[in-house]
Structure formats: C-alpha cells, structure tokens
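Engineer:
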Amino acid sequence: MTHLAAWPVLLPLIAGVIVLFARAGGVQLQRMLNLLAVSGLVVLSIALVKVSQAGTNEVYLAGNWQAPFGIVLVLDQLSALMVAITSMLALAALVYAIATDTDKKGAHFHVLFQLIIFGLNGAFLTGDVFNLFVFFEVLLLASYGLLLHGGGRLRTRAGLHYVIINLLGATLFLFAVGALYGVLGTLNIADMALRVASLPQGEVGVVAAAGLLLLLVFAIKAAMFPLYLWLPAAYTHTSAAVAALFAIMTKVGVYAIIRVHGTVFGADAGVLAGYYMPWILGLGLITLMMAAFGVMAARGLREQVAYLVLASVATLLVAVGLNTPMALSAGLYYLIHSTLIAGGMFLLADMISRGRGRFEDRFESGYAVPGIILVGGMFMFAAVAMTGMPPLSGFIGKVLILNASLDHLWSSLILSVVLVAGFMMIVSMARSGSLLFYQVIPANEVNHSANGKVGTTAEINATGEPLNRISMLAVIALFMASPMLVLFAQPITAFTESAARQQYDNKGYIESVMSTQPLQERSE
Amino acid sequence: MLDWILAALVLIGAFFTLVGSIGLYKLPDFYMRLHGPTKATTLGVGAILIASMLYFSFSTDAASLHEILVTLFLFITAPVSAHLMAKAALHVNIQQVARTQRYGDLHQWDKPSE
Amino acid sequence: MTFLSSNLPIVALLPFAGAIVAPWAASINRLASAWAAAAITLLAFALLAPSMAMVFAGETLVQSWSWIPAIGLEFAFRLDGLALLFAILILGIGLLVIIYARYYLYTKDSMGRFFAYLLTFMGSMLGIVLSENILLMVVFWEMTSLSSFLLISYWQHHADAREGSMMALVITGGGGLALLAGVLMLGNIVGSYNLSDVLAAGELVRSHVLYLPILILILLGVFTKSAQFPFHFWLPHAMAAPTPVSAYLHSATMVKAGIFLLARFFPVLSGTPEWSWIVGGAGLTTLLLGAYMALFQHDLKGLLAYSTISHLGLITLLFGFGTKMAAVAAIFHIINHATFKASLFMVAGIIDHETGTRDMRRINGLLKYLPHTAVLAMIAAAAMAGVPLLNGFLSKEMFFDQALLAAADASPLMWFVPLLVTVAAVFAVAYSLRFIHDVFFNGEPIDLPKTPGEPPRFMKIPIDLLVITCLAVGIFPAFTIAPILAVAVAATLQTSPPQYSLAIWHGFNLPLMMSIVALALGVVVYMFRRGLFAWYDHRVDHLDARIIFNSVLERIEQLSIVVTRAFDKGSLQHALAWIIGSAFVAGLSGFISVSAPLLGHRELIPVDGVSLLAAFILIIASIMTVVLHRQRLLAVVMIGVVGLFASLVFVKFSAPDLALTQLSVEIVTIILLLLALYYLPQTTPAENARLRTSRDIVISVLSGVGVMILAMAVLTRDYMPISEFFLANSVPGGGGTNVVNVILVDFRGTDTLGEIVVLALAGLGIFALLQGLKLHAPGQDASGLPWSRDNHPQIMQILTRLLFPLMLMVAVFIFIRGHNLPGGGFIAGLIAAVALIVQYLANGLLWTDERLRVDMHWVIGCGLLIATLTGLVSMGLGYPFLTTAFTYLTWPVVGKFEVASAIAFDVGVFLVVVGATVMILVQLGKLSDVSHQQYQQHGFQRGAK
Amino acid sequence: MEWLISLVIAVLTASGVYLTLRARVFPVVLGLTLMAYGVNLFLFAMGRLTIGQPAIIDSAATVYSDPLPQALVLTAIVIAFGMTAFLIVLALKACGELGNDHVDGLPLAEDKLPAGKSRVGETHNPIDKSQRQADRQ
Amino acid sequence: MLETVLPIAFALLGISLFLSFVRLLKGPDLPNRILALDTLYINAIALVVLLGLHLGSALYFEAALLIAVMGFVGTIALSKYLLRGDIIE
Amino acid sequence: MLKNFYTRLLPHPVLTVILWLIWLLLNNTVAAGHILLGLILAILIPFLTSAFWPEKVRIQSPLTLFRFLVIVLWDIVIANMIVAKLILGRNDDLKPAFFDVELDIQTPLGVSLLANTISLTPGTVSCDLSADHRRLLVHALHVEDIPGAIKHIKQRYETPLKKVFTAC
Ligand code: NA
Ligand code: NA
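Residue numbers (our numbering), protein chains in the order written: chain A, 1 to 524; chain B, 1001 to 1114; chain C, 2001 to 2945; chain D, 3001 to 3137; chain E, 4001 to 4089; chain F, 5001 to 5168.
(1) Whose Cβ in chain D lies nearer than 8 Å to the Cβ of residue 4059 of chain E?
(2) Counting only Cβ-Cβ distances shorter than 7 Å, please list the residues of the stretch 2844-2874 of chain C near chain E, keeping chain order.
(3) Please decide whether residue 3005 of chain D counts as near chain A, where near means a Cβ-Cβ distance under 9 Å.
(4) Do residue 5141 of chain F and residue 5124 of chain F have their beta-carbon atoms positioned less than 9 Å apart in this structure?
(5) My guess is that residue 116 of chain A and residue 148 of chain A are in contact by the Cβ rule of under 8 Å, so how many angstroms apart are they, rounded?
(6) Within the continuous alpha helix (DSSP H) that includes residue 181 of chain A, where are the two ends?
(7) Hey, quick one: how far does the alpha helix (DSSP H) through residue 5154 of chain F stretch, first residue to last?
(8) For residue 2262 of chain C, which residues of its own chain have a beta-carbon under 6 Å away from its beta-carbon, when the five flanking residues on both sides are left out?
(9) Just the Cα atoms here: how many angstroms apart are residue 2775 of chain C and residue 2843 of chain C?
(10) Thinking C-alpha only, which one of C:2676, C:2681 and C:2173 is nearest residue 428 of chain A?
(11) Should residue 3079 of chain D be flagged as near chain E, meaning a C-beta pair shorter than 9 Å?
(12) Taking residue 2814 of chain C as the query, report the chain E residues whose CB atoms sit under 7 Å from its CB, ordered along the chain.
(13) Start and end of the alpha helix (DSSP H) containing residue 5139 of chain F?
(14) Beta-carbon of residue 3022 of chain D versus every beta-carbon of chain A: anything under 9 Å?
(15) Considering residue 3013 of chain D, what are the terminal residues of the alpha helix (DSSP H) in which it resides?
(16) Are the CB atoms of residue 2986 of chain D and residue 3047 of chain D nearer to each other than 9 Å?
(17) The beta strand (DSSP E) spanning residue 2030 of chain C covers which residue range?
(18) Mind checking which residues open and close the alpha helix (DSSP H) that includes residue 2078 of chain C?
(19) Run down chain F in chain order and give the residues with a C-beta less than 7 Å from the C-beta of residue 1097 of chain B.
(20) Determine the direct distance from the alpha carbon of residue 5063 of chain F to that of residue 5122 of chain F, and round the result to whole angstroms.
(21) I'd like the span of the alpha helix (DSSP H) that includes residue 1011 of chain B, first residue to last.
(22) How would you list, in chain order, the residues of chain D whose beta-carbon sits under 7 Å from the beta-carbon of residue 2679 of chain C?
(23) Since residue 2437 of chain C and residue 2345 of chain C should fall inside the 8 Å C-beta cutoff, what is the C-beta to C-beta distance between them, to a whole number of angstroms?
(24) Out of curiosity, what's the CA-to-CA distance linking residue 2366 of chain C and residue 2310 of chain C?
(25) The beta strand (DSSP E) that contains residue 2816 of chain C, what's its start and end?
(26) Return no unless some Cβ of chain C is closer than 9 Å to the Cβ of residue 4005 of chain E.
(27) Can you tell me where the alpha helix (DSSP H) with residue 1102 of chain B in it begins and where it stops?
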C-alpha cells in the first residue's frame, strides 16, 4: 500500500492543524513549522514528479472504497506537476511573507496558508467531481482569508467582490455537477467519461449543457473572458505574498478544465468529444486581447502584473483550446513558467513599491528604489520573461504554443492575437520600466523639499524602505525558474509532452482508476 | 378502537392548530392574536403528538414515547417566545384595539424602557 | 568532442559571459572593464579564426545540439561565408568601438554597465549571424532589440534617450514578433527550422499559398530592424545613445541585422514579383527619403543617421532587384558602408566630445583644431559620397549598373529607377560635402561650449584603421576584399556566384556617367544649401515621425483604457451579470449544440394539495423576499419562511437528514443576518435606474427559466446511479443503516473532511477578519426609538438555562444515532452550537463566556485533529487514509453494541461544527464598541487574541 | 410533482439572482442565500423525488431514495453556510471601513478615473494610500 | 379510520399554513410577522408529525423536534432584535 | 469531603434524573446499554453545564408540584376549548385587557415558571416582568372581571409554585 498520492493532501492538513495549535507558542513557532512543512512538501512533490515519470496513474482509494463509489486521488504527471509548482511557489511566497512580516498583520496567516495548499493539492489530485468542488471551496475560503489578510479599504472591497463572485461560482458548480449526476448517475471523472462514451443520443443535450456550465465555473477560476472581472482588483490590492501565491489560483481553473473536461469529453465522447474546445480557444484569445489592453491601461505596477497574469492564463487557455497533445504540452511548459514568474513578479512589484516610498507602485516619476540597478535588472528580467521575449522561458513557452497552433484552422488568428498582445505588453512594460527606473527624482532632491528646506521626518520616511535581502532571495529563487526552464528545456518539455500524452490517453486513466481494487480483509 | 382514538386525536389536533391560525388571522390586534397560536397550537400539536405516540407504540413492538419530548420543549419554549414577542411589541409600542381594558398601575409599562 | 566542433556556440556565447565579467572587472577598476571587453572580443575572434580556413575553402560549418526537439528548436550554429563576413564585421568593428568607447565615456558614466550592454548586444548579433536554426536566430534577433534598448537608454536621465530607446524597442521588437510569426510559418511549411533545410526549400516556399504572408511577416522584421520606410524614424531618435553605440549599431550591426536577414533568406524568398515590388519599393523609397533628409539635418549625428537610412535603402533596393549580381553589389556595399559609417560616427563623437555640441551651424572650421581627425573624416565622407579610389565608389558603381539593368530587364515603366537612384546619389554627394565643408571649413566656429583639440591618440586609432580599410578596399579590391566577398556571396546565393569584376576602372560606361552627374549636381546642390535650408526649416508640413509615433501609441493606450474600463467598471453587479448571462448562454448553447429532445419520458409523481400549497407559500415567500428586500428585517423574516419550507420539502421527499441540517443552518443564518443587520442600514435605498432594474428582471427570469429547463430535462429522464452500491454496502461495509451518514463519514469521508476544513476556515477567517474591527452600536432603532433597557429579560434567561442541558442531550442523541438513523455529527454539532448561542443570546457575552471557559480555536483544532487522526490511524494499519473499521462488542449488562472508527471521525466533525459556529457568532456579537467596552472593563480578553 | 419542484427551484434561483444583482451588500447576501436554497433543492432533486423512502436500511423497505445527492446537499449546505457567514462578516467589515454597504464600484470617490487621461502625464493616482500604510505597520 | 381522517387533517393544516402565511404577508408590522412565522413553525411541527403518521414512519420525529427547537430560537432572536438590536451583547 | 465530591459531581440531582428519563424517552428504550449511557450523560451534562446554573434548584414539595402539573394540564385543555370558541366567534365582543399581577413569589425560577404557566393556559399571556421582578404584566384575550382573574392566577398557580420553589 503506497500512500504517495495522499501525502500532498495530508501533509498540509496535518501541518495546518499543528500550526493552529502552535498559536499558543507564538508566531515564530508557527513560522518555523510552516516553513518546515512547505519545505517538506517541496521535497515530497519533487519526489512525486519523479515517481510520476514512470507514466502510470497512481490511484489512491481514499477510505478503501473502489471507484466510482469512493473518492479516488489520482497522481499522474499532470497532477504531480501542479503539486510541485504549488509547493515551490508557496515556499517563496512564505519566505517573502515572513521576511516582510506580512504574517504578523493579522491572525491565522500560517493556518490559512497551509490549508490553502491543502485545498489546492486536493483539487489537483482528486478524481471526483464533487470532491473537486469541496477542495475548491477549501482553497477559496482559505484564499478569502489570505486575500483580506492585513486589512485596508481597497483590499476589503476587492475581497468582497472576489468572495461574492466565487459564491456565485460555487452555486453554478453545484448546478452543473447536479445535472451531470442526474443524467450520468456518477461523480467519478473516469466513470463519467465511461458513461458519456455510452450515452444514448437522447440524453446528450443535458450533458452538453451541464458540461458547458461546468466549464463556465472553471472559467471563472481561470479568469476567462468575460468572467475575469474578479481578478485585477483582487491581485492588485492583496498583500504581495498572497498575490504571489495566487498566481496558482487561476491555474487551478485551467487544470480543472484539462482534467475534468479533457477526460469526460475526450476523444471517446462521441458527439461531445471536445465540443467545448472552440469556446476555450475563442474566449482565450479574447481574454488575451483584453489582458493586453489591461496591461497597457494599468495605473500601477501591481495592477499591471495582475493583467500580465491574466494574459498568461489566456495564453494557457489558447494552448488548451488547440486540443492537441503537442499544444497541451506547450501549455504545461508555459504554465510552469508563468506561475513561477508571475509569483516572483508580484513580490518584485511589492519590493519596488516599498522602495519607492510614497510613490508606491504608481506609474509616475518618483524616488529611486534602493539598489536600483539590481532591482531594475530584476524588473527587466521579469518583464522579458512575462512578455515572452527571448531568451527567457516566456518566449520558449510562447513559441511552443504558436508552433503547436500552426496546423490549426485558426492559426493566423492565433498568431496575430498572441503576437499583437505580446507587442502591446512589451510596449507597456518598457514604458513602466522607463517610468519606474529611468525617470527617477535625483537623490539630491529626495530629502529636500522644493524650497530647499530639509524634509520632515515623515517625508524622509516616505522615501521608501531599504532592500530586504531575504525577500530579494525569494524573488530571485522564483525568477531562477526562467533560465532553468530554458536551459533544461529538453527534459522539461519531454516531461510535459509525456504528461500531455498521458492526459490525452483517457483509456489509460479510466482503466487505472476503475480497475484499482481496494485492500481486502476490511473489518472482520 | 385504537384507530378511532387516533382518528379523533388527529382531528382534534388539526382542528386546534387551525383555530390557532384562524385566531392569528382574524383577531384584531397583535396582543389578541398572540393567544391563538401559543395556546391552541399547544393542544393542537399536543394531540397530534399523542396520536403519533399511540400509533407507533402499537404499530411497533416497542413503546414510542419520545414525542413527549417535543411537547416538553414546546411547553417550555412557547411561553418564552410569546413573552418575548409581547415584550417586543410593547417596546415598539404596537397599536392595540381601543377597547383593551387596563387594570393596575400600567403607565410604566407603556414606556417600553422601564 | 573536439574544440573545433563546438567553437561556434562558444563564440556566440562568449560575449554574454563577458557581459558578466565586464561589470565585475569594473568593480575592481573602471578601465579594466574596457580591457576585459576588448579581450573577450579578441578571444571570440581567436576562437573563430581556426574555422575560417574551411569557410574560405567553400565549406559550411554546422554545429548543432538538440534543445527542444518537440518543435525542432535546436541549439545549432552555422558558419558560412555570409556568417563569417558578418562575424568579422561584428567583432572587428566591435573591438574598435570598445577601444574608442574607453576614451569616449565620461568619468561619471558606469563603464561596467556600458560594456555589459555592449557585449550582450555583440553576443546577440553574433547569435543572429551564426544561427543555423532560424528559431534560434529569432531568439538572438529579439535580444538585439532588448540590448539595443539598454544601450540607447544608457544615458537614462536624458528624456530623449528614454524616448529614443523606447521607440527603437517598440519598432524593432514589434518587427521581431512579426518575424517570429513568419519564421514559424516558414518552418512549418518546410518541416524544419534548420537553415540548411529552409535554404533548400525555396521552390516549395515560393509556391506555397502562405508565401506572401510569410514574406510580409519576415520583411516586417527586416524593415523595422534596418530602418526601412515607413519604419525608418526610430533610427534618428536612437542617436540619443552614446556615440560609440551609434557607431556600432548603425554601421555594422543592429541595422545590418535586417540586411543580413534579407541576404540569408534571399535564396528562399527572392525571385518573385512580390519580393521585387515590396523589397525594391521599400528600398528605393528609403534610399531617396534618407538622402533627402540627411542633407537638412543640422545635427551631425542626425545627418549620419539619415545617411545610414539612405544607404540601408540602397542595399535593400539591391536585394530587391533580385538578381545575383545585385546581391553581390549588396554584400559589397554592406562591408563598405560598415567601414566608412563607423568611422564617421566616431568622428562625430570626437567632435561632439571636443566641442560640446553637434550643431553644424555652430561647428565650423575645425580643420585647424582637429587636423588629423579632419583628414580621416574627409576620406570617410568621400567614401560615403562615392568618390573614386574609395570603397564606396566601387559598390556604388555596381549599384548604378544594377539599377540600369533592372530598368532594362523590367517593364518600360522602370526607367525611373536609374533616375531616382541618381537623384539620391546627388543628395548623397551633397550631404557628404556638407559633413566635410560645413564642419571642417566654412569659417570659424560659433559660440562653442568648449575649445576643441585633438583627442587622445588611441581614440583615433580605430578611425585610422577603418579609413585605411576604406582606402585599401577602394584601391586594391582584388587583394583585400575579394576572398571574403566571394565566399559571402556564394553563401548568400547558395549557388556558384556570378562573374563579377572588382576592378576600379570599367571604362566610360553609363554608371560612371551617373557618378559624375551625381558628383557634379551634388556640389551644385550643396552650393545652394542656404536657400534650401531656409526653405526646409520654414516648411510647415514637417512630418515629425516622433509625434506620429507617440500619438499612435497614445491612441492605443487610450483605446486600452477605454476598453479596459468599459469592461472592468469595478462594479460587482456588472461582473455578476456577465457571469449569470454567460451561464445562461452556456446552458442554452449546450442544449442547442446537439440535437436531442429536451425532456425525457420518465413517469412523474402526481401533485397533492398540501405540497401544492407548500410550494405556493415557498414561491410567494421567495418572491416577497425580493419585493420587500428594501425593508431588510422583513426580508430576513421572509427568508425564514423560505428556509422552513425548504426543510419541509426535504421532509416530504425522504431526506430527513437534510431537513434537520437545513433547519439548523437556517436558524444560524438568520441569527447571523440579524447580528449583521444591527450595524447596517435598516432599509435599502431605492435604485433609481429603471433600465437596470428591468435588465436585472430579464436576467433573473431567464436564469430561472434556464434552471427549470435543466431540472426538468433531468427529472423527466431515468438514470443509473452508483447509489445502489451504497445502499447495498452501507450495513455490511460501513456498519450503519443511515446510508446518507455512512456516505458522509465513510464512503465519501474525504468530502466531509474538506467540508469541516471549510467550516474551520470560515471560523478562523472570520476571527482574523474581525480582529481590531469595532463598529458603532446604534443606540436606537431605525425609527429613532431607543433600545429597551432590559438587555437580558429574566424569564428568557431562566428558561433558556433550563433548556441548555436538554438541548445538549438532544445533540448527543442525534449524534449517537446518526450512523443508523437521521442525525450525525453535523446536525448534532449545529444543535449544540445553537444551544450555546441561545445562552449567549439570553445571558449575554460576559455571563456566558465566563461560564464557557473553552477557547473555540481549541475546539476547532481538536475537531480537525480527531478527524485527521482517524484517517491516519487507518494508514498506520496499512489501509488507505480514512478507511473505517467497525466491530460489534458484547459487554456484560450493556449487551451488544457497535464500535466504529467512523464515529470518531464524526466526533471531529461535531467539534469543528460547534467550534466554528460558536466562534463565528460570538465574534460577531463582540463586534460592537459597546461589547468591546464591556470586555475591557471586565478585563476579560480571552478568545480575543 | 417534478414540475412543481422545478418551478420552486426556478423561482428561488430567479429571486436569488435578482437580489444578487442589487447594489447593496445586504440584498446580495439574501440573494445568495436564496440561490443556495435553490441549488440545494436542485442538487437534491437530481436524485429524483421519492416519497416515504428515506435511505435508511430497513428490512421492511425495498426501495430507497438516492442517498448520494442527499449527502452532497448536506455537504453543500454546510459549505454554503460557512461561505455565507464569511461573506456577512466581510460585508460588515467593508461597511465599517468604507462607510457604506455599497458593493458597486462607485462609492470610493477618489478612485474615479481621470477619464481618458494618459498615464504618462498623470500625477495623481488613485491607489489607496491607506492600503500601503496598513501593510507597513 | 385514520386513513380517512388524515386527508381532512392535512387539509385543516393546509388551511392553517395558509392563514398563518397570509398574516405574515399582511403584517402589518414586525411583531405580527414574527408571530406569524412562529405559528408557521408550530404548524410545520404538526404537519411533519402527521406526515410521519401518514407514512407510518418514525423517521420524521427528529425533524419535528428540531422545528420546535429552531423555531423557538428564531423567534427569540427576532424578538430580541426588536428589543435591543444587538442580539448577542 | 465526600459530600463535596458528590455535590460537584451531581450539582443538580433532579436534573440528572430528568435527563436520564429524557434519554430513555428519546431512545424509546429501557435497554441496559441505554440505561447506562443515559446515566453517564445525565451525570456528565449537568456536571459540564453546572456553571450555567447559578442557583441551586430545590424542589420542596414534589407532591404539590405533581398536583400543580395536573391542574395546569387540565386547565390547558379546558381553556383551549373556551378560547377556541372565542376565536371562532365574533371577535368584536371580546374584552381584551392588560393587567398587573403583583408577585409574591421571589425565586427567579418560580417567577419564570409562573409566567410560563400563565402563558400556557389559554386566554392569558405574560407580557413583561417589571425591572424589580415584583410585578408581571399579563394580557388576557377576554376578561369580564379583572381582579377575579388576578386572584385566580395567584391562587391557582402562584401559591403552589411558591410552595415548591422557595429560595434556599
Ligand atoms: Na558648420
Ligand atoms: Na453584540
């Protein structure tokens, strides 16, 4: 009996409970425990990625009940990958949160942090649609807490919108799952796929409708047009560490589409095979354009990064919508890149914002950030990576996707949109960088107001915080992912290819889920 | 015989429940309406519960007395509810029919905050 | 692997390493970074040198490694004549520029940064020319855009440097994206991104339907990079860069990258009318425009910039002719232009440095101040003008020849090509003359910031070398340039090169006539310069590309703002309406996308009177909640009705567990709403937007209809649920007769675990949310009536205390029987929580808290711990997480009873529900400033941090 | 009966949707609550309607209602409760911090956009200062 | 006999529900409505017990018990709201 | 010492007995297992909730209590019919009244139970308790003779209750 597939879920849960009890021991103890747990998770998830490379679906029958009756956790290359990205992102976000004392600005940061990982990993591993709903709710509620952590007016309002939209999303989820159960009579993804494959013609309409409804739910999470309105404000106004962690949130939506729709409405689904794909592709392209507009219209760096995240998830949707293993592989590569870099970029935006004092992250001429060369260099690095310029991973990812789109019917449209959007983002990022790092108020003007008087203490205080080495380390660690992705493009794309092929191999998935037998000798 | 008793109890219960609601519906002011539900329903629900008690005690091999508990609950809670509702009504100075008699030193009750 | 099989990537990547070394060196010694940069360049050259012999022997070197095989992106490098020619230019002129820059840069300029940028750029350029894989080439291509951005914006405190760099990045970077698209499509057609394959597939490409799009996309890359009309305007603005940068970027490298690409793809893409028209047209226009504009620049570097544009146009036009001979001329002119233009820029930099200005109207008569420099400048300018015995003359003659040939070969209309070419040559002569005469002669300098003098010796050595090259090539072409030109041409054409002569004298032919005419007319034009300048400067319709560029960008930005804000209004309702609308569309399109009947044929249950009535009440109550929603308390009462009748629906349709849960949750929700309502306005103000109200009514009715259809579509059909398994296995496998409960704690225990985590999170999240939040407690109700002073009516107090143990007993009862009969941990937890809440309600926070000395954090934690441990124990026993076990024990007196691990799990559920619910409600209760005060007065701070 | 229950679900959903689209947070909460009732009934009904056949194993019974949707609804009810509770508290917090219970984007006057103003020339920016300060403390 | 009487009883209870609901709609004020809601709860108890009798199932008893408990809690919470605004103070 | 232990363990013996009975009622059983479990719970719950019972409840005269309960039940049945007639008849003829009842009974539990009894018996509802807990405001649906009604309440309900629940 191997519990491999269960540990990514159990570890954060246990850690969360322990951290809750450690509340009495003070925040330092909680920090240590949290760091320990997340580091452990990083190690574990890397091990899982290795294990998954064998190409088998590691099926775990929770409660020892056979699928489709019990809930199964399925560890395959895709879910292992998602778990690994999550843990790495989480580690960096946590280090940053600790370095900047974000965790001290409210109660229960560390508990929420562990439990959001619990929710995320659960969502990545579960093989059951309703269980997916439950894990979604777990990660959402934890995300509400984290999003609002620290308080502040705009954060509260953004949080309010985020919460309400997600509540509506949860309602829609239940409608969709309910209708699917009402026709198919099952909740297990693999079993659903089996039943859709043998669905009588007369029943197809309901399933098609429910499937699209479910797609919509995932699309809200994935921030697909026209459902992404929760994203910009939420990402802009939350604390940096949380925003960084949230870089994975949109990917959960995309993942769910790949997992649920990809399996249930896979090649064997008759008339329903891939029927949802044009929606993803089309709306993904629109999202990309809207994101590019947003990047250009942003009023501050964090808002801009939020739209960059939107753009990255749109690109990902395009890759998924192309509906080939090759495109999916490209998408997965892009997913790794965009999640880690976007996370780092939120942290960097915060560092810049802190360094610029009262100018914060606004796009206006302000004080120079302490360590401007280093920070500016990191900004340029991130901008290059995020906008998909060579030689960093964004470019490779984009080329992989575009290359996969060339034989698609809409290839010219896809090429145009991706490149035009990329162009707009390059222009925007160049302007922001120029404003933030080039157009600075010279140092000799910093401490003196216009009439030559030395500024008040408040003014000097408003000129920004010095660089924090540890938070810098967290950012650099995330950014290092980009060159790594380029250098090790061959093994990584080999992995994503294999993962994508495994994803498209529905028969294999169904077979392994449905045939895994529970342990005998239950209660005597 | 049991059947007849059951039928009678059920009818009585339903009847008194109805009376309570009729009272609620047609009595002229809040305080008078208060009497309908809090009383008629106690007997109404009570009778139906007794019917249930009898029915299940005899239809199965074991006695079914747990219905008493609902009655017990209602007997404790219904007056408290009524009391609080009346208190609230007095507090917000809800109108009462003009013919309401008043006896005793009542002026202080009219002021809701004693 | 021998060194020679991997020297190309090392050559290309070495400068990148240098980009790290240079700043490091600068941190030790400022000048050390210059020497490091020079050393790196020399080293790269040295590493390249061993391969040269093979290239001159006509071989093409390819060194490749697999990188991303999935898409055919290989780490592949290639050295042929063309690549070698460019590599030599890049490294050679690069070295000279480094030497020059070492003297040029001001002491306050950071040398480390400068050389880091420069080397990055050099590496990128080498990458372009040495790439065998065209995707790899695009990588380097875009890196030149990025590094040139850094170089141009090197003096970032200058607004024009920021603007110029931005313009260069936007134009060339954008062109790079087009190039990427073109290359991707090209590779897709060919089936490979390897240059060798692409070069071999010319026929295939040119006959493909996508030829024109590919051509246009690639040419967009070319034209933007090499500043062809209408993308030429970035180049003059890039003059804000330090002059060494200009000398490098605009002679041999950046702009030549576009030209290089034309040469590279020449065998694949040329030879079609489309090619000729587009490439030739752009080249001719650029040639003329650049030459014309150059004359009128008063800025020394501006003149050189437009002259560069013009010469790039010339080369482009040559490639546009599409003939082999034209290609020879083009390659030749690439070399010549690189040499004379680099030297001219360096001269301009010296003048700028020495005089403090670049305004030719102020700079006069420098000959006596800078005699050496003046000589160099004059030779180089003469080469630029195409004066015989200089290299510019040779290639220009070839160019004239080709222009004439083109006119002869093509349609009669083409006669204007030689004519226009001559016109351009006239202007070239004129502006070259101006560069010489206006600067070094023409009287005395006016009002110079500095008194000029000869620069350091070593600053002129690069110029010396370049000018010597101009002369050497111009006089002894066959001994100097011929070998490299030959292999470069061969590599460009991918076939044997045509016969051509590099002789200085070809007799009195038409090209020579054109040269003579150009020289003569050029002098004439220059003589009339004052009038021309006056005319030009007072022309009203100045086409300032910068203004256009900025306004286009601003338009795009305006559009972005309009689009973004139009969609993202920051309004929640707007977002929700989109989601609901999308849901309707999704459902609808799902139904209509496939042809299947809406409803099935399942037999339905007849309606009875009481159900009808209950449904009626439920519906009316729901609608009344909407109608009365502005009177908030009333709406809460209505919600109460809805909740009650929803529970009755569950009772009616065989779901007692649900009814119990719904009832409990319902009441807790109402208490929550009341707790919140206390601090909120008691009424909702009317919304005066009729349009929105009707829109919302439409949306809600549609969603209602949609849901109804969906529900009926399912309910009228039969299905085969997996539930048979649960019914069959509940007792034997789960040890309980209440199947719903067994599903919750056993079959689908993972769901329940997640669910209690949600509840725990709600409790903890709310606790965190309310930390430090204090709300003003209104002293009166909405109508102005002060609150009753009897905060805890005694009768309620006494009787609810009486109820407390009773309710707890009921909770235990519901809990214990849950496994077999309706009930379970959830419902029991809710009942216990309600029992506690009632105590708070009746007796107040202080009283109850004093008696309930349990921190709800602890309760929640214990609950989660117990539930998790239950699962872990099964793992300890070798079973999967949350595997349950149960057994029947028989004890004396007690008799037979069941022990199930699921019960332990349910205890966890119970505790979490109690803890979270109580925590939520009590935290809300403590919200008012009055409660806060009371707490502080009593020094009673437990549970609040 | 199926038509009736569908109608009920439809009305609950429609009412919920309408209230959710109001501009104040309290009606929105009511709307979401109504919608939760609607969707819970829907999910429940997906197990088909049966009268007098609770899924409690009994030697006398042969037919049972589908227990699975009931278990799901139970979970959904509890989750919805947690979510609603959180929302209500958040609404209070928002009310306390923003000074009203609007949920529309309008009330924060200072983050009105300078319409059509290019960001390059923009000197004033609407990003809330208090937010940063809150983070700094 | 019980079987014949039950429909009548259901009908009577139906009328009760209806009348209580009408009062709830008519009000005219909050105490009246709270009273009507309380009555609806009491009616519901009777209805549930009657349903149990009708179906011959004891499984509905807890629902009746819980309606009694929860109805009470709802009523006192609403009343206390009218009295004090702050129901947990 | 031992007695102290017992009072801590069994703070409210009456309650324990009642809860034990209730447990058996709830489970409709007298099986040995439930008798034991019920006893455990009946001891445990009062023990855990003893803090919520500030004053001791001492029932002085169980027989009086029993007789009182019977009377109340009887009154409820009779009055129900009377009230039913009143409700179904012409409501315009009803003579509603508010009146004060001066309380002799002092223990909070006694007062509460009296108020409860008044509300339970049809026709009267106890509406409020004065701040000094000395007077009870009663609303009657229909009274001809208010002093008589007050006297009736005091005699029939307050006296026995006072006898049963006296402060110790
Ligand atoms: Na001059
Ligand atoms: Na309070």
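Each residue gets a CB set at the ideal place from its N, CA and C atoms; glycine is no exception.
Structural biologist: Per the coordinate set shown:
(1) When 8 Å is used as the limit between beta carbons, residue 4059 of chain E is near these residues of chain D: 3054 and 3056, in chain order.
(2) So the close ones are 2844 and 2845.
(3) It does not: the Cβ of residue 3005 of chain D has no partner Cβ on chain A nearer than 9 Å.
(4) Going by C-beta atoms, residue 5124 of chain F is nearer than 9 Å to residue 5141 of chain F.
(5) With a Cβ gap of about 13 Å, residue 116 of chain A and residue 148 of chain A do not count as contacting.
(6) Start and end: 153-184.
(7) That residue, residue 5154 of chain F, is in no alpha helix (DSSP H); it is neither H nor E in DSSP.
(8) Excluding sequence neighbours, residue 2262 of chain C sits near 2222 and 2319.
(9) In a straight line, the C-alpha of residue 2775 of chain C is about 21 Å away from that of residue 2843 of chain C.
(10) Comparing Cα-Cα distances from residue 428 of chain A to each of C:2676, C:2681 and C:2173, the minimum goes to C:2173.
(11) False, the Cβ-Cβ gap to chain E never drops below 9 Å.
(12) Here the neighbours are 4062.
(13) In the DSSP annotation of this structure, residue 5139 of chain F is not part of any alpha helix (DSSP H); the continuous beta strand (DSSP E) holding it starts and ends at 5135-5140.
(14) The beta carbon of residue 3022 of chain D does not come within 9 Å of any beta carbon belonging to chain A, so the residue lies off that interface.
(15) It spans 3002-3020 - the alpha helix (DSSP H) in which residue 3013 of chain D sits, taken as one unbroken run.
(16) The structure shown does not extend to residue 2986 of chain D, since chain D is modelled only from 3001 through 3137, so no value can be given for it.
(17) Looking at the DSSP string, residue 2030 of chain C is not in any beta strand (DSSP E); the run it does join, the alpha helix (DSSP H), is 2030-2056.
(18) Following the DSSP letters along the chain, one finds residue 2078 of chain C in no alpha helix (DSSP H) but inside the beta strand (DSSP E) bounded by residues 2073-2079.
(19) What residue 1097 of chain B touches in chain F, judged by beta-carbon distance under 7 Å, is 5096, going in chain order.
(20) When rounded, the distance between both Cα atoms is 24 Å.
(21) DSSP places residue 1011 of chain B in the uninterrupted alpha helix (DSSP H) bounded by 1002-1026.
(22) Neighbours of residue 2679 of chain C in chain D, taken as residues whose beta carbon is under 7 Å from its own, are 3092 and 3095 in chain order.
(23) No, residue 2437 of chain C and residue 2345 of chain C are not in contact; Cβ-Cβ is about 19 Å, not under 8 Å.
(24) The straight-line gap from Cα to Cα measures roughly 26 Å.
(25) First-last for residue 2816 of chain C: 2794-2817, but that is the alpha helix (DSSP H), not the beta strand (DSSP E).
(26) Interface flag for residue 4005 of chain E against chain C is unset, since no Cβ pair is found closer than 9 Å.
(27) It is not in any alpha helix (DSSP H) - residue 1102 of chain B instead sits in the beta strand (DSSP E) that spans 1101-1103.
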